[in-house]
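Comments concern the structure below.
Residue numbers (our numbering): 3 to 140.
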């Protein structure tokens, strides 16, 4: 919890934020492959990958243990053993879930939110992220 790693998550610009109805918290863009979902989402902000300190446990990349637990559970990385491993030691699916856990927050846009997980995990992640957003007032 030294605070030396960061996850850069762009906020929506003022024009786009003004176009979103008051009280709106979570949205979903759906469509067939090639219809411009990612292009539309790119209008909400630049995608910036997270930085992960080599060798540092995943859990050390969060503000504190409670924040880590809530976000990692919401992101679908539910087993604490994975939290103690470095990011590079996680499976591709676990890495994706850790990225989601670090990214979720107010004004966050996540492309391919559940693309690297199976359907039951995706449903659980979507539900847990919604619960976390409501609990934190996002």
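Glycine included, C-beta positions come from ideal geometry on N, C-alpha and C.
- prompt: Skipping 5 residues on each side, what residues in its chain have a beta carbon closer than 6 Å to that of residue 39?
  reply: Reading the chain shown from its first residue, position 37 is the one you call residue 39. A distance below 6 Å between beta-carbons, with the five flanking residues on each side excluded, links residue 39 to the following residues of its chain, in chain order: 31, 33.
message: Please list the terminal residues of the continuous alpha helix (DSSP H) segment that includes residue 127.
response: To locate residue 127, count along the chain shown from 1; it is residue 125. Residue range 121-138 is occupied by the alpha helix (DSSP H) that includes residue 127.
- prompt: Taking the C-alpha atoms as reference points, what is the distance between residue 71 and residue 64?
  reply: The residue given as residue 71 occupies position 69 in the chain shown. The residue given as residue 64 occupies position 62 in the chain shown. So the two alpha carbons sit approximately 9 Å from each other.
- prompt: Going straight from the alpha carbon of residue 44 to that of residue 69, what length do you get?
  reply: Translated into the one-based positions of the chain shown, residue 44 becomes position 42. Translated into the one-based positions of the chain shown, residue 69 becomes position 67. For residue 44 and residue 69, the distance between alpha carbons rounds to 27 Å.
- request: Determine which residues share a DSSP beta bridge with residue 59 and list them.
  value: On the chain shown, position 57 is the one that residue 59 refers to. In the DSSP secondary-structure assignment, residue 59 is bridged to 88.
query: Using CA coordinates, which residue listed in 78, 85, 77 is at the minimum distance from residue 67?
result: Numbered from its first residue, the chain shown carries residue 67 at position 65. When only C-alpha atoms are compared, the closest one is 85.
- request: Would you tell me roughly how many angstroms separate the C-alpha atoms of residue 60 and residue 87, rounded to the nearest one?
  value: Mapped onto the chain shown, residue 60 falls at position 58. Mapped onto the chain shown, residue 87 falls at position 85. Their backbone Cα atoms lie some 6 Å apart in a straight line.
field: Residue from 106, 52, 41, 101 whose Cα sits closest to the Cα of residue 135
entry: Translated into positions along the chain shown, residue 135 becomes position 133. It is 106.
query: Mapping DSSP to helix, strand and coil, what is residue 21?
result: For the purposes of this step, residue 21 is taken as the residue at position 19 of the chain shown. Residue state, collapsed to three classes: helix.
query: Taking the C-alpha atoms as reference points, what is the distance between residue 114 and residue 124?
result: Looking up residue 114 in the chain shown gives position 112. Looking up residue 124 in the chain shown gives position 122. Straight through space, the alpha carbons of residue 124 and residue 114 are spaced by roughly 11 Å.
task: Measure the CB-CB distance between residue 57 and residue 127 and report whether it falls below 8 Å.
output: The residue given as residue 57 occupies position 55 in the chain shown. The residue given as residue 127 occupies position 125 in the chain shown. Here residue 57 is not near residue 127, since their CB atoms are 8 Å or more apart.
task: With a 10 Å radius around its C-beta and 16 neighbouring C-beta atoms as the bar for buried, classify residue 133 as buried or exposed.
output: Start at 1 with the first residue of the chain shown, and residue 133 comes out as number 131. Answer is exposed; the Cβ neighbour count stays below 16.
- prompt: If you count every other CB in all the chains shown that lies within 10 Å of the CB of residue 98, and 16 or more means buried, which is it?
  reply: Numbered from its first residue, the chain shown carries residue 98 at position 96. Buried, since its Cβ has 16 or more Cβ neighbours within 10 Å.
- prompt: Once you ignore the five residues that flank residue 95 on each side, which residues in its own chain have a CB closer than 7 Å to its CB?
  reply: Position 93 of the chain shown, counted from the first residue, corresponds to residue 95. Within its own chain, the residues whose Cβ lies closer than 7 Å to the Cβ of residue 95, once the five positions on either side in sequence are excluded, are 118, 119, listed in chain order.
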